[in-house]
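S.K.: This structure is in structure tokens; I'll ask about it shortly.
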Amino acid sequence: MANWQKGTDMAAKLTPMMAQYQAIKKEHPDEILFFRLGDFYEMFFDDALLASRELELTLTGRAAGNKERAPMCGVPFHSAESYIYRLVQKGYRVAICDQLQDPSETKGLVERGVTKVITPGTVLLDSSLANGTRNYLAYLYQKEAQIVLVLAEVSTGECRWGLFTDKEKHELFDALSIYAPAELIIEASDECKLSIENYAKSRLGTMLILSAEELEMPLPKLTGATDFGGLASAELPTESAVREALAQLFYYLAKTLQQSAKQVTLLLPLREEAQMTLDHRTLRHLEILQNMQDGSIRGTLYALLKQTQTAMGARLLQRWLEAPLLSDREILARQEAVADFLKNARQADALGNVLERIYDFERIVTKVEIGTATPKDLLAVRDSLAELVPLKELLQEFNAPMLQTLNRDVATHTDVYTLLTEAIAPDAGLQRNGDYIKDGFSPRLDELRSLVHDSRSWIANLEAAEKAKSELKLKIGFNNVFGYYFEVPRSQAERVPEYFVRKQTLANAERYITPELKEFEVKVLSAQAEMDKLEAQLFSQVLADLRPALADLQKTARTLAVIDTLLALAVAAHKYRWVQPALNRQNRIEIRDGMHPMLAAAQKDTFVPNDTVLRHEDCETMLITGPNMAGKSTYMRQVALLLLMAQIGSFIPARTADICPVSRIFTRIGATDDIASGQSTFMVEMNEVADILQAADANSLILLDEVGRGTSTYDGLSIARATVEFIAEKIGAFTLFATHYHELTEVADVYPHIQNFTVSVKERRGDVQFLRRIIPGKADKSYGIHVAKLAGLPTSVLQRAQTLLAELETTTPAAPAEAERVPAMDIFADGIWDELAGLDVFSMTPMEAMETLFRLNKEAKARKGL
Numbered sequence: 001m002a003n004w005q006k007g008t009d010m011a012a013k014l015t016p017m018m019a020q021y022q023a024i025k026k027e028h029p030d031e032i033l034f035f036r037l038g039d040f041y042e043m044f045f046d047d048a049l050l051a052s053r054e055l056e057l058t059l060t061g062r063a064a065g066n067k068e069r070a071p072m073c074g075v076p077f078h079s080a081e082s083y084i085y086r087l088v089q090k091g092y093r094v095a096i097c098d099q100l101q102d103p104s105e106t107k108g109l110v111e112r113g114v115t116k117v118i119t120p121g122t123v124l125l126d127s128s129l130a131n132g133t134r135n136y137l138a139y140l141y142q143k144e145a146q147i148v149l150v151l152a153e154v155s156t157g158e159c160r161w162g163l164f165t166d167k168e169k170h171e172l173f174d175a176l177s178i179y180a181p182a183e184l185i186i187e188a189s190d191e192c193k194l195s196i197e198n199y200a201k202s203r204l205g206t207m208l209i210l211s212a213e214e215l216e217m218p219l220p221k222l223t224g225a226t227d228f229g230g231l232a233s234a235e236l237p238t239e240s241a242v243r244e245a246l247a248q249l250f251y252y253l254a255k256t257l258q259q260s261a262k263q264v265t266l267l268l269p270l271r272e273e274a275q276m277t278l279d280h281r282t283l284r285h286l287e288i289l290q291n292m293q294d295g296s297i298r299g300t301l302y303a304l305l306k307q308t309q310t311a312m313g314a315r316l317l318q319r320w321l322e323a324p325l326l327s328d329r330e331i332l333a334r335q336e337a338v339a340d341f342l343k344n345a346r347q348a349d350a351l352g353n354v355l356e357r358i359y360d361f362e363r364i365v366t367k368v369e370i371g372t373a374t375p376k377d378l379l380a381v382r383d384s385l386a387e388l389v390p391l392k393e394l395l396q397e398f399n400a401p402m403l404q405t406l407n408r409d410v411a412t413h414t415d416v417y418t419l420l421t422e423a424i425a426p427d428a429g430l431q432r433n434g435d436y437i438k439d440g441f442s443p444r445l446d447e448l449r450s451l452v453h454d455s456r457s458w459i460a461n462l463e464a465a466e467k468a469k470s471e472l473k474l475k476i477g478f479n480n481v482f483g484y485y486f487e488v489p490r491s492q493a494e495r496v497p498e499y500f501v502r503k504q505t506l507a508n509a510e511r512y513i514t515p516e517l518k519e520f521e522v523k524v525l526s527a528q529a530e531m532d533k534l535e536a537q538l539f540s541q542v543l544a545d546l547r548p549a550l551a552d553l554q555k556t557a558r559t560l561a562v563i564d565t566l567l568a569l570a571v572a573a574h575k576y577r578w579v580q581p582a583l584n585r586q587n588r589i590e591i592r593d594g595m596h597p598m599l600a601a602a603q604k605d606t607f608v609p610n611d612t613v614l615r616h617e618d619c620e621t622m623l624i625t626g627p628n629m630a631g632k633s634t635y636m637r638q639v640a641l642l643l644l645m646a647q648i649g650s651f652i653p654a655r656t657a658d659i660c661p662v663s664r665i666f667t668r669i670g671a672t673d674d675i676a677s678g679q680s681t682f683m684v685e686m687n688e689v690a691d692i693l694q695a696a697d698a699n700s701l702i703l704l705d706e707v708g709r710g711t712s713t714y715d716g717l718s719i720a721r722a723t724v725e726f727i728a729e730k731i732g733a734f735t736l737f738a739t740h741y742h743e744l745t746e747v748a749d750v751y752p753h754i755q756n757f758t759v760s761v762k763e764r765r766g767d768v769q770f771l772r773r774i775i776p777g778k779a780d781k782s783y784g785i786h787v788a789k790l791a792g793l794p795t796s797v798l799q800r801a802q803t804l805l806a807e808l809e810t811t812t813p814a815a816p817a818e819a820e821r822v823p824a825m826d827i828f829a830d831g832i833w834d835e836l837a838g839l840d841v842f843s844m845t846p847m848e849a850m851e852t853l854f855r856l857n858k859e860a861k862a863r864k865g866l
């Protein structure tokens, strides 16, 4: 606290209102207290200093009862949400202190109290929750050798949990990276807490990290009355550590929301046996949810597939991409639904139009539960429910079993729709500021409205009658101090009737009241007050009547999300002309003319497709050599992306595909350092390779790009070869291994299930063209100087590099295998063999064949100097 707040006799010197503020602030020392005063939320003392700085508000002062004025700043009540969101975005916690009594009905100090605490992980403001985004609160709890992570998406009612051992801490870190909670509460040993905090601060960016001790949370103790929100006891995990962590999470939610989080009704494990686990590196390297340039969704697989019509579907699509399926049956069920949509395009398009008119009522349900829903929110629910009957009628036209099941799971909620239609006015707004309960819902409210609304005509009639009777130029006015009054010019004041009672004198007029006008005022103002109070009571009753139906509404919302996501996959498949991949259990992956989904969509018809054939018996590892910039990394990512797409039930960009689902996808692509933790590029690379070698199994897909390049040539080559041999001998996973070490191609002679592949290159008179085709064979050079030329290095640098390269090639003896290979591979430099391999001889006319042979013959002679 600041100096003006210190001292044992401070409370005695404060005004009653400031003493009330201090008592409430004492209960919330770590939150910025928004203290309701009339039409404003005010902040005082240190909170005012902080808020004025962070929100750029004018800092003023207020008499506090002592000699010094208390620093003060404030924001309007009706626009406070945007200010609160800005503070929460910066990692602050905000306590909302509201007036618990009607000031007009209270003598003396109005009772006030904190109605909710808004934190980064529990924020439910409309401005803070963009469509399709997720916002998690995390609780990390250590019990002996077990570490539990529970995450709650408070706005959607979803909760997830994971149980980890100390040896599985990297998987815990993965979960934190993938779900990126906005707020993390830690209850663990100092060592564990420090490692989590260091990781979060260095890798996860903006996140509010709190200690359970700082929050003064009691030790978890499970009883029959333990609060688990809206979760049924049968759904809870059996492990006591997990239950205790969940109990702590819900205790915190109850403390911040000021009520039990009954809207949390869905509990899911972080790791499910029927789903693939993707680590954060794979998600990042493949650019599944965020691109590697600026972290946005631009250019990601998520952005490509995000053809959803609802925010609920957009969030579910993210979950599907994070956890692809392993079950053939579940994958096929989704594929059949997508195929059914494609087959019945007209009905599918109509279904999309219906979904487009459905709001994010999964989140609105939460606002209803905690009592913050607005009249406009209820209209959004009503309008969404109105679309369910036509939606079900359209779904009946599809035959896919999954779509039929989903149709049965969509309830129409007739009772809820009827209540909202009868209760909420069709033009209700965001605020509860009158006229949001529909006419006809309450006879008493209608009567009061009639009285208030008819008052205008009554005033007009009274004004006209008094003018005629007194022959004065008078008019009726109103202000909050004197109420209704007659205003008469000063020049006519002597002529007013005796029953006019003077209330106020102005420079040019006099104001009067009459018994009739005063009686009317009492009647109208009391009617207005009763009307406002009754309307608020009726709205609260509507919210209460909705609460028993909220769990069922959430189920319907989640079902709609599945329908929307499946339809989005169909829309993408139609838009980009993708095909349905076949599934097999013969441990083979065969993709013909496969394409990188994001690049192919961006480049349209110019992207070069490639085949992929992986089989454990003869081609378990593809060892890919070839120049940089030729497309090796793109090809490897392409294979992984196509498998991932197939395993979420999506169609893929290929001519044909027959794949066996893989259990994991691991990637080590690109060169990055980790300055925050003091790790060099090579150390990061080695850490990633180590994690892969420890976690991969025979059903995995491994992508390794340029392993060993961060150290000396011989060190790097040794590490790369040892890695390839370890995968071949100990793991047996499907592997794509790209390298610049040409010597590494020799391992294919030792292991029959390792095959050499290269990127075709066409070289003519010193110019190089990368053909982007992956073909069987080995590369004989890296074309580094050619790539440098493409990058724009100065001509003098390139010429000097070419001279040095020639000297090195002359003075450095080639390895025996390399010396034997040079004459045989010389013709490859022109790409002639590549072009020959790519010719479709049977489709060429005799004239085309002669012209091609003549041109290739001429190029070969020119190369040989003939």
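For the sequence shown, full-length UniProt numbering begins at 1 and goes up steadily by one.
Here a beta-carbon is modelled for each residue, glycine too, at the ideal position from N, C-alpha and C.
#1: List the residues that DSSP assigns as beta-bridge partners of residue 700.
#2: Unbroken alpha helix (DSSP H) runs of length 4 or more, entirely within the stretch 357-401: which are they?
#3: Would you identify the three-state DSSP class for residue 69, choosing helix, strand or coil?
#4: Cutting at 7 Å between CB atoms, please list the residues of its own chain near residue 438, excluding the five before and the five after it.
#5: Quick check on the burial criterion: 16 or more other C-beta atoms within 10 angstroms. Buried or exposed for residue 484?
#6: If the criterion is Cβ atoms closer than 9 Å, does the pair residue 946 and residue 760 meet it?
#7: Between 236, 213 and 211, which has its C-alpha nearest residue 222's C-alpha?
#8: Distance check for residue 142 and residue 169, CA to CA, integer angstroms please.
#9: Less than 6 Å between C-beta atoms, sequence neighbours within five positions excluded: which residues of the same chain meet that for residue 155?
#10: So for residue 806, helix, strand or coil by DSSP?
#11: Tell me, please, whether the CB atom of residue 469 is closer than 9 Å to any CB atom in chain C?
#12: Give every residue of the same chain whose Cβ lies closer than 6 Å to the Cβ of residue 356, excluding the five residues on either side of it in the sequence, and list them in chain order.
#13: Please say whether residue 625 and residue 723 have beta carbons closer to each other than 9 Å?
#14: Which complete alpha helix (DSSP H) runs does the stretch 9-83 hold, if anything under 4 residues is left out?
#15: Could you please give the first and the last residue of the uninterrupted alpha helix (DSSP H) stretch that includes residue 341?
#16: Measure the beta-carbon distance from residue 741 to residue 717 and round it to whole angstroms, keeping in mind my assumption that it falls under 8 Å.
#17: Pairing CB atoms from the stretch 530-540 with CB atoms from the stretch 337-349, are three or more of them under 8 Å?
#18: In whole angstroms, what separates the C-alpha of residue 609 from that of residue 592?
#19: Below 9 Å between beta carbons: does that hold for residue 196 and residue 647?
#20: Start and end of the beta strand (DSSP E) containing residue 872?
#21: Mind checking residue 802: buried by the 16 CB within 10 Å criterion, or exposed?
#22: Quick check on the burial criterion: 16 or more other C-beta atoms within 10 angstroms. Buried or exposed for residue 375?
#23: Among 448, 569, 553 and 82, which has the Cα closest to the Cα of residue 358?
#24: Check this for me: beta carbons of residue 370 and residue 257, under 9 Å apart or not?
#25: Looking at residue 501 and residue 512, is the spacing between their C-beta atoms short of 9 Å?
#26: Please state if the CB of residue 209 and the CB of residue 172 are separated by a distance shorter than 9 Å.
#27: Measure the C-alpha to C-alpha separation of residue 560 and residue 312 and round it to an integer number of angstroms.
#28: What three-state label does DSSP hand residue 295 in the structure shown?
#29: Hey, out of 603, 658, 640 and 470, whose CA is closest to residue 669's CA?
#30: Whose C-beta lies closer than 8 Å to the C-beta of residue 441 among residues of the same chain, with five residues either side of it excluded?
#31: Assign residue 456 to buried or exposed, taking buried as 16 or more other Cβ atoms, counted over all protein chains shown, within 10 Å of its Cβ.
#32: Does the stretch 215-232 come close enough to the stretch 175-183 that 3 or more CB-CB pairs lie under 8 Å?
#33: For residue 41, is the classification buried or exposed, using 16 other Cβ atoms within 10 angstroms of its Cβ as the cut-off for buried?
#34: Between which two residues does the alpha helix (DSSP H) harbouring residue 563 extend?
#35: Check each candidate in 293, 685, 58 and 206 and name the one with the smallest Cα separation from residue 89.
#36: What's the C-alpha gap between residue 429 and residue 436?
M.R.: Straight from the coordinates:
#1: 664
#2: Uninterrupted alpha helix (DSSP H) stretches at least 4 residues long and entirely within the stretch 357-401 occur at 361-370, 375-386 and 388-395, given in chain order.
#3: Here residue 69 carries a strand assignment [DSSP, helix/strand/coil].
#4: 422, 423, 424 and 425
#5: buried
#6: Given a span of 1 to 866 for the chain in the structure shown, any question on residue 946 remains unanswerable.
#7: When C-alpha distances from residue 222 are compared across 236, 213 and 211, the shortest belongs to 236.
#8: 12 Å
#9: 124, 129, 363 and 366
#10: The answer is helix: DSSP assigns residue 806 an H, G or I state.
#11: The chain inventory of the structure shown lacks chain C, comprising one protein chain alone.
#12: 309
#13: no
#14: 10-13, 16-27 and 45-55
#15: 328-343 is the span of the alpha helix (DSSP H), which, as asked, contains residue 341.
#16: 5 Å
#17: no
#18: Distance between the alpha carbons of residue 609 and residue 592: 8 Å.
#19: Here residue 196 is not near residue 647, since their CB atoms are 9 Å or more apart.
#20: The chain is shown only over 1 to 866; residue 872 falls outside these bounds and no answer can be derived.
#21: exposed
#22: buried
#23: 553
#24: Yes.
#25: yes
#26: no
#27: 8 Å
#28: coil
#29: 640
#30: Once the five neighbours on either side are set aside, the close Cβ partners of residue 441 are 422, 423 and 538.
#31: exposed
#32: Fewer than three pairs of CB atoms, one per stretch, sit closer than 8 Å, so the stretch 175-183 makes no contact with the stretch 215-232.
#33: That one is buried.
#34: 550-576
#35: Here the closest residue by C-alpha is 206.
#36: Each residue's alpha carbon lies about 7 Å from the other.
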